[in-house]
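Protein chains: 2
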Amino acid sequence: MNFCSDCGSKVSLQAVAGDNRQRFVCDGCGMTHYQNPNVLVATYVCVGESMLWIKRGTAPAAGKWAIPGGYMENDETPESGASRELLEETGIDVPAHEMLLVSVSSILHMAQTHLVFRCHLEHRPDTVQTEEAVECAWFEEHDLPWEELAFASIEPHVRQVYQWLRKGNYGIRVGFIDENGSQYRNFPLAGATSTGQRNV
Amino acid sequence: MNFCSDCGSKVSLQAVAGDNRQRFVCDGCGMTHYQNPNVLVATYVCVGESMLWIKRGTAPAAGKWAIPGGYMENDETPESGASRELLEETGIDVPAHEMLLVSVSSILHMAQTHLVFRCHLEHRPDTVQTEEAVECAWFEEHDLPWEELAFASIEPHVRQVYQWLRKGNYGIRVGFIDENGSQYRNFPLAGATSTGQRNV
Numbered sequence: 092m093n094f095c096s097d098c099g100s101k102v103s104l105q106a107v108a109g110d111n112r113q114r115f116v117c118d119g120c121g122m123t124h125y126q127n128p129n130v131l132v133a134t135y136v137c138v139g140e141s142m143l144w145i146k147r148g149t150a151p152a153a154g155k156w157a158i159p160g161g162y163m164e165n166d167e168t169p170e171s172g173a174s175r176e177l178l179e180e181t182g183i184d185v186p187a188h189e190m191l192l193v194s195v196s197s198i199l200h201m202a203q204t205h206l207v208f209r210c211h212l213e214h215r216p217d218t219v220q221t222e223e224a225v226e227c228a229w230f231e232e233h234d235l236p237w238e239e240l241a242f243a244s245i246e247p248h249v250r251q252v253y254q255w256l257r258k259g260n261y262g263i264r265v266g267f268i269d270e271n272g273s274q275y276r277n278f279p280l281a282g283a284t285s286t287g288q289r290n291v
Numbered sequence: 092m093n094f095c096s097d098c099g100s101k102v103s104l105q106a107v108a109g110d111n112r113q114r115f116v117c118d119g120c121g122m123t124h125y126q127n128p129n130v131l132v133a134t135y136v137c138v139g140e141s142m143l144w145i146k147r148g149t150a151p152a153a154g155k156w157a158i159p160g161g162y163m164e165n166d167e168t169p170e171s172g173a174s175r176e177l178l179e180e181t182g183i184d185v186p187a188h189e190m191l192l193v194s195v196s197s198i199l200h201m202a203q204t205h206l207v208f209r210c211h212l213e214h215r216p217d218t219v220q221t222e223e224a225v226e227c228a229w230f231e232e233h234d235l236p237w238e239e240l241a242f243a244s245i246e247p248h249v250r251q252v253y254q255w256l257r258k259g260n261y262g263i264r265v266g267f268i269d270e271n272g273s274q275y276r277n278f279p280l281a282g283a284t285s286t287g288q289r290n291v
């Protein structure tokens, strides 16, 4: 950050009263510009013991496998953002209220927080090819090409969700990744919670 | 947003290739400036059937009661942000790993997502008076001054957490507030989950 987005003057890192870290403050109008983590939303689309994977068409990790997702927008809930990203990338229309929270995690060195959902469909829906998802495929745990994951750091999450899927009961996974590795805790949910199952 | 934070040129709202909404794009360097929701983190500090409330010292809602919290910073997890805010506002030091997720909610018209935690202490710890929290008090559900809540919209969450606290089992509450009201779902957790209880 070099300039004030409000008045266009130069900004500089300054101590701010009542704050314990330096902020970008405008030398002209005095506005303080805070920088905060971004939220990414993504979805595990589950049918039986398989889940939907997309082959990424864009950087980073183009040509590798990921689950559909992207940045949440200002006018969205995490669930409606996950629903929009899924529709945009794959053509699959799952309404926000069928998105069930499955993980809350942070990537500290990228200042990202990821809110990830699962949804459960009875049959594999048709998919479309898009710029962001040049291919869609359904993989069970044993046939997922693990060495071609776009983001290797998600492997423990993915294995956990496959395990929950086979058992038919779920949890919510909470944790983080930093430069030293990752730490997670599971909050097991009571009862069978693959609610919202429906035909597409 | 009027000016590019990178080069200081004027920005204008423009259609962006591969995007379905207008973005602020720099007329000089061409940088696209995305605007995304901010994450707030907060904590219900629980001792027995009582919870910690702070009388806010700063706007908005100065003089009214809230739970300690604030914006998450770039180098934080939600839990470490909640822990920092609690310490800054009240002097109570609860480490991040004792923060247990209790709600994920969005305030759509403010482009905020709130990640809220609970923690459980055996005894009421000492508190300090700060600019942000001019008073700390412990209230059970029946003696909380409900008409003096800083943010009336949190009442249903608060009542739910008090109820969980009395029963000794918990859930994670997921939902949103928009201009038409609010919608929430509870994900009940398996078993007694007031883990992390400790002395201060």
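If you read the protein sequences in the order shown, they are chains Z and U. For the first sequence, the positions run 92 to 291 when this note's numbering is used. For the second sequence, the positions run 92 to 291 when this note's numbering is used. For glycine and all other residues, C-beta sits at the position ideal for the given N, C-alpha and C. None of the values given here were measured: they were computed from a predicted structure.
Chain U contact for residue i (CB, 8 Å cutoff)
i: Z:THR168; result: yes
i: Z:ILE263; result: yes
i: Z:THR123; result: no
i: Z:ALA150; result: no
i: Z:GLU270; result: no
i: Z:TYR275; result: no
i: Z:PHE267; result: yes
i: Z:ARG289; result: Note that Z:ARG289 scores 36 on pLDDT, short of 50, meaning its location in the model is unreliable and no value can be drawn from it.
The ligand MG heavy atom lying under 7 Å from the CB of residue i
i: Z:GLN274; result: Ligands in the displayed structure: none, and consequently the ligand MG is not present.
Whether residue i touches residue j by CB criterion (8 Å)
i: U:THR168; j: Z:PHE242; result: no
i: Z:LEU131; j: Z:GLN203; result: yes
i: Z:SER141; j: Z:TRP229; result: yes
i: Z:GLY154; j: Z:GLU176; result: no
i: Z:CYS95; j: U:PHE94; result: yes
i: Z:LEU192; j: U:PHE278; result: yes
i: U:GLY282; j: Z:GLY99; result: no
i: U:THR181; j: U:THR149; result: no
i: U:TRP320; j: U:GLU239; result: Outside the displayed range of chain U (92 to 291) lies residue 320 of chain U, so it cannot be described from this structure.
i: U:ASN165; j: Z:GLN126; result: yes
i: U:HIS248; j: U:SER174; result: no
i: U:THR123; j: U:ARG114; result: yes
Closest Cα partner of residue i within the set the options
i: Z:LEU256; options: Z:ARG276, Z:PRO159 and Z:GLU232; result: Z:GLU232
i: Z:VAL107; options: Z:GLY99, Z:LYS101 and Z:CYS117; result: Z:CYS117
i: Z:GLY172; options: Z:ASN127, Z:LEU206 and Z:VAL136; result: Z:LEU206
i: Z:LEU199; options: U:VAL138, U:ASP184, U:SER194 and U:GLU170; result: U:GLU170
i: Z:ARG147; options: Z:GLN126, Z:LEU104 and Z:GLU222; result: Z:GLU222
i: Z:MET190; options: Z:VAL249, Z:CYS210 and Z:ALA281; result: Z:CYS210
i: Z:ALA133; options: Z:LYS101, Z:MET163, Z:ARG114 and Z:GLN251; result: Z:MET163
i: Z:HIS188; options: Z:SER197, Z:PHE208 and Z:SER194; result: Z:PHE208
i: U:LEU178; options: U:GLU246, U:GLU270, U:PRO151 and U:LEU143; result: U:LEU143
i: Z:SER197; options: Z:LEU280, Z:ASP269 and Z:ASN111; result: Z:ASP269
i: Z:LEU280; options: Z:PHE115, Z:ILE145, Z:MET122 and Z:LYS258; result: Z:LYS258
i: U:CYS137; options: U:MET92, U:ASN271, U:ASN129 and U:PRO216; result: U:PRO216
i: Z:ALA224; options: Z:GLU246, Z:SER273, Z:GLY139 and Z:ALA152; result: Z:ALA152
i: U:ILE145; options: U:ILE183, U:ASP110 and U:GLY109; result: U:ILE183
Residue i burial status per 10 Å Cβ neighbour count (16 or more: buried)
i: U:PHE120; result: It should be noted that the sequence gives Cys, not Phe, for residue 120 of chain U. Counting Cβ neighbours within 10 Å, U:CYS120 comes out exposed, since fewer than 16 surround it.
i: Z:PRO159; result: buried
i: Z:TYR261; result: buried
i: Z:MET201; result: exposed
i: U:SER244; result: exposed
i: Z:TYR135; result: buried
i: U:TYR253; result: buried
i: U:SER103; result: exposed
i: Z:ARG264; result: buried
Cross-chain neighbours of residue i in chain U, by beta carbon under 8 Å
i: Z:GLN126; result: ASN165
Test: residue i CB closer than 8 Å to a CB of chain Z
i: U:CYS95; result: yes
i: U:THR218; result: no
i: U:TYR162; result: yes
i: U:PRO197; result: Here the sequence assigns Ser to residue 197 of chain U, which means Pro is not the residue at that position. Yes, U:SER197 lies at the interface with chain Z (some Cβ there is under 8 Å from its Cβ).
i: U:LEU178; result: no
i: U:LEU192; result: yes
Chain U contact residues for residue i, given Cβ-Cβ distances below 9 Å
i: Z:GLY99; result: ASN93, PHE94, CYS95, GLY99, SER100 and LYS101
9 Å Cβ cut-off: residues of chain Z touching residue i
i: U:PRO279; result: LEU280, ALA281, GLY282 and THR284
Chain-ordered neighbours of residue i on chain Z, where CB pairs are closer than 7 Å
i: U:GLU222; result: GLY109
Neighbour list for residue i in chain Z, Cβ cutoff strictly below 8 Å
i: U:ALA202; result: ASN165 and ASP166
i: U:VAL130; result: ASN127, PRO128, VAL130 and THR204
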